[in-house]
Ligand SMILES: Nc1ncnc2c1ncn2[C@@H]1O[C@H](COP(=O)(O)OP(=O)(O)OP(=O)(O)O)[C@@H](O)[C@H]1O
Ligand SMILES: [Mg+2]
């Protein structure tokens, strides 16, 4: 990439499908450029950033309650092959909005090395729901050249930056699949006979990924924003593999998809325990979501974590050995998965609905065991007190 | 050969120029855009240059100009409250020149050269001044007096000395030999500043984090490593240290990490008050932000820029704390440059000199007698980001060989939301021996013994836990069940400390001691109550114990804790009579 590659940018990009090198693949005309932008993208001066703090409601309870997404955040999905990460991404693309606002996102969709079948699935869904009109697609398929795959996310981000920072749009960039991108990076490194790093990936992969992920954010003096939602599949379901590992070191948290939950038939199979949104603290609470959000989220998490742990113990000592508190927590962990996690692919829960649901479910546990809930929220929101 | 050459080859941040006269570490301007670089290797008329800005788009044949200066840090009043990139360009100035995106080829002074400071001399005409000696001072911020020192190696007999308002480039002192000095001086970035001698570290750096101060204390002038997988709390810990530790000055290096984290510090620090001085934290802070997407060569330099600034304030007699987040990114920058130089790779592709560089860096920590006879220190705390969280890799190992404090972050604890997620079983500090006298004299005579008791209980807990995993806790004898309760109290009440809690994020060292004593008092009274027939369940569930534990989240706890402990002990004693 020694030479600087440029992308013609204009708001005409919205609604278009381009290939991995920026050429139309929807049969439409060439993009008439307002300007041509360098795709490498300059780094944002850290002093010029604005801190993200606007809560994005995805309508998915597990995410909204436990790993809240913030406008300007980079929050990846750590998935694995055969899991429904694409459905989740599409559901988020359809449903994401700011609470108390009708402002919509422009979705910049960046496909890297995915199969034609996956691509058709995405495209059909975006067309069916009308989302395509508010989207730009950059598509590099599995049989397209790997070299182009290195360029594709840079094109997508260049378009995103133009729309966000020149045209004031709020942009949601979805990449799938970062693993294919990293494999292309490895392939090219090998062809150049570079000294390989861990598992054959180039030593500079951290920096290379940072050059993509760090293009998320908000900057002073500009209204728009770039939120990134990268999807990656963990080879061998291994979270310590260099691809999820280096990503996790750069992104602001991660949403982890669980094969176990998927096999139990739960959609979306999000394991909240290893999931984290590092910016959550800045976007939840009285002014943005609801005053009890933090307390509820901590309690849901703690109760579920304890319940899950008890499953292991019960397998050894049997359920009879549990005391009353442990029995309730164990039961709760099942309900958590069945009622809280589980929702349908077109079920769009508001944050109030999600939090109310949490209270309904937590009410199955004796209040004296709900030590992470503030008394004032119990008085106000506990179903018994609301009657 | 002349001071100009031509670009011959470009490999990422490494550019080779030919036909140019140069010395090692000369600063050069590369290409038509004049990108800043530094000569790092010489082969005849070939100079290998590390370029501190993005090199994409520059081409062979473009010009390279040697400035003849060595890469150095500007030192003088105006450093504090600044935020720099890795090569000491102030980010606010870059914003003014370039807008919100960092472009290339812009030069910027490290601080305002025009700003007027009121200089108060401390020497007189005829005095003999040696390098490092203080000739006067200015009030840099509310809390920090900036001492103006002769450059190490310079000095002479004072011919004239000024007093009053000057900017940093005006002459404030002349010497008989015709030399003179200004308030600003330059120092080569890769050369440690000299001092007279190193002292043994005997004073702790009090951090306000209980697990650190109590169990794994760090000395002023010591060095600590914080390795941990992603999301385990390296940055939160480093930021807490920057906020609350009792260093007089903080140099915070964001080395190859996230932009938003630096923004957070910038947003927060001006509004936060230093618990030790009552002044805004920003007034004692210098920040260096070379984020992961900024040029890697400048990332490599950022660590040296930071430590040189730290040494400069140490030389004034201050206790400086330096945080580097993350040293792994620094090591990776070295690796990348090394591979561009086609050096023989060592372990995991890192250059063979990696561990030497790490050791040299941490060796710049220390408590010293400065050239002017003051006592100053630099405490270095380096985050390490091992791939996959596995610390058998070269950067972690190179760090652990040299630092005396290891705060090991644990993914499992982070997942349980036990913060700070520092593993109390495998972390260590080698300083207690030299610090214990200080703790005895300043906090409590039995401080070291209390520490030993707490860590002993945690050790026993981990052994008992193995049994509990197999048979459940009810199968243990009651005295061991009590031990588990006490250990749980240590973990949940003492070790856990939310870095974002408005009250508990910082805990006074005297309060830490009271809390530790409260735990042991609970244990003691529970034991004797149970010996007199009380039930374990009654003893652990006395309501005043949870009041005591929750109390730490309230302001003024240090004033109420003694009474709360008394109430708890009385309630526990009362369980005997109920039986
Ligand atoms: N002391 C603490 N108190 C409360 N929360 C904490 C604490 N330490 C860590 N956390 C939580 O863990 C998250 C991750 O911490 P942090 O950003 O410090 O990790 P890190 O080790 O620096 O990760 P990375 O290597 O990816 O930069 C924080 O966003 C916060 O939610
Ligand atoms: Mg960090």
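Protein chains in written order, with our numbering: chain A, 80 to 466; chain B, 38 to 616.
All C-beta atoms in this analysis are idealised placements derived from N, C-alpha and C, irrespective of residue type, glycine included.
Computed from a predicted structure; not experimentally measured.
Annotation: residue 330 of chain B to residue 170 of chain B spans about 41 Å, alpha carbon to alpha carbon. For residue 504 of chain B, the secondary structure class from DSSP, reduced to helix, strand or coil, is helix. Going by beta carbons, residue 310 of chain A and residue 168 of chain A fall inside the 7 Å limit.
Taking 7 Å as the cut-off, the beta carbon of residue 391 of chain B is found no closer than this to the beta carbon of residue 424 of chain B. Scanning its chain for C-beta atoms nearer than 6 Å, with the 5 sequence neighbours on each side dropped, one finds around residue 414 of chain A the residues 440, in chain order. The contact set of residue 113 of chain A on chain B, defined by CB atoms closer than 7 Å, is empty, because the minimum CB distance reaches about 18 Å. Short of 8 Å from the beta carbon of residue 197 of chain B, and not among the five residues preceding or following it, lie these beta carbons of its own chain, in chain order: 162, 210 and 211.
With 5 Å as the limit, the residues whose C-beta approaches a heavy atom of ligand 2 more closely than that are B/271 and B/272, in chain order.
The beta carbon of residue 265 of chain B is closer than 6 Å to those of 271 and 446 in its chain, skipping five residues each way along the sequence.
The Cβ atoms of residue 404 of chain B and residue 229 of chain B lie no closer than 7 Å to each other. DSSP places residue 580 of chain B in the uninterrupted alpha helix (DSSP H) bounded by 580-588. The beta-carbon of residue 327 of chain A is placed less than 7 Å from the nearest beta-carbon of chain B.
In the DSSP assignment, residue 224 of chain B falls within the beta strand (DSSP E) that extends over 222-225.
DSSP, reduced to helix, strand and coil, places residue 236 of chain B within a strand of the structure shown. Beyond the five residues adjoining it in sequence on each side, residue 407 of chain A comes within less than 8 Å, by CB distance, of 443, 444, 445 and 448 in the same chain, given in chain order.
Residues of chain B whose Cβ lies closer than 8 Å to the Cβ of residue 130 of chain A are, in chain order, 297, 300, 301 and 304. In this structure, the CA atom of residue 241 of chain B is about 28 Å from the CA atom of residue 226 of chain B. When the alpha-carbon of residue 349 of chain B is set against those of B/286, B/296 and B/374, the nearest one is in B/286. Ranked by Cα distance from residue 334 of chain B, the first of B/602, B/87, B/54 and B/44 is B/87. Interface flag for residue 286 of chain A against chain B is set, since a Cβ pair is found closer than 7 Å. With contacts defined as CB atoms closer than 7 Å, residue 336 of chain B and residue 293 of chain B qualify as a contacting pair. Neighbours of residue 380 of chain A across chain B, judged by C-beta separation under 8 Å: 454. Residues are counted here when their Cβ sits less than 9 Å from a Cβ of chain A; for the region 126-143 of chain B these are 127, 128, 129, 131, 132, 135, 136, 137, 138, 139, 140 and 141, given in chain order. If you draw a straight line from the Cα of residue 218 of chain A to the Cα of residue 253 of chain A, it is about 12 Å long. With 16 or more neighbouring CB atoms inside 10 Å of its own CB, residue 379 of chain A falls in the buried class.
In this structure residue 123 of chain B touches residue 339 of chain B by the C-beta definition: roughly 3 Å separates them, less than 8 Å.
Taking a contact as a CB-CB distance under 8 Å, the pair residue 243 of chain B and residue 288 of chain B does not count as one, their CB atoms being some 18 Å apart. The beta-carbon distance between residue 283 of chain B and residue 549 of chain B, rounded to whole angstroms, is 13 Å. This is too long to meet the 8 Å contact definition.
Note on residue 441 of chain B: 16 or more other CB atoms within 10 angstroms of its CB, so buried under the neighbour-count rule.
In its chain, beyond the 5 residues on either side, 237, 238, 239 and 256 have a beta carbon closer than 8 Å to the beta carbon of residue 471 of chain B. Here residue 480 of chain B is near residue 546 of chain B, since their CB atoms are less than 7 Å apart. For the set A/382, A/109, A/432 and A/355, the Cα lying nearest the Cα of residue 152 of chain A is the one of A/355.
Residue range 171-176 is occupied by the beta strand (DSSP E) that includes residue 171 of chain B. The residues 495, 496 and 499, in chain order, have a CB closer than 8 Å to that of residue 462 of chain B in the same chain once the five nearest residues on each side in sequence are set aside. At a C-beta separation below 8 Å, residue 293 of chain A has these neighbours in chain B: 295, 296, 328, 329 and 330. Taking the Cα positions, residue 493 of chain B is about 10 Å away from residue 486 of chain B.
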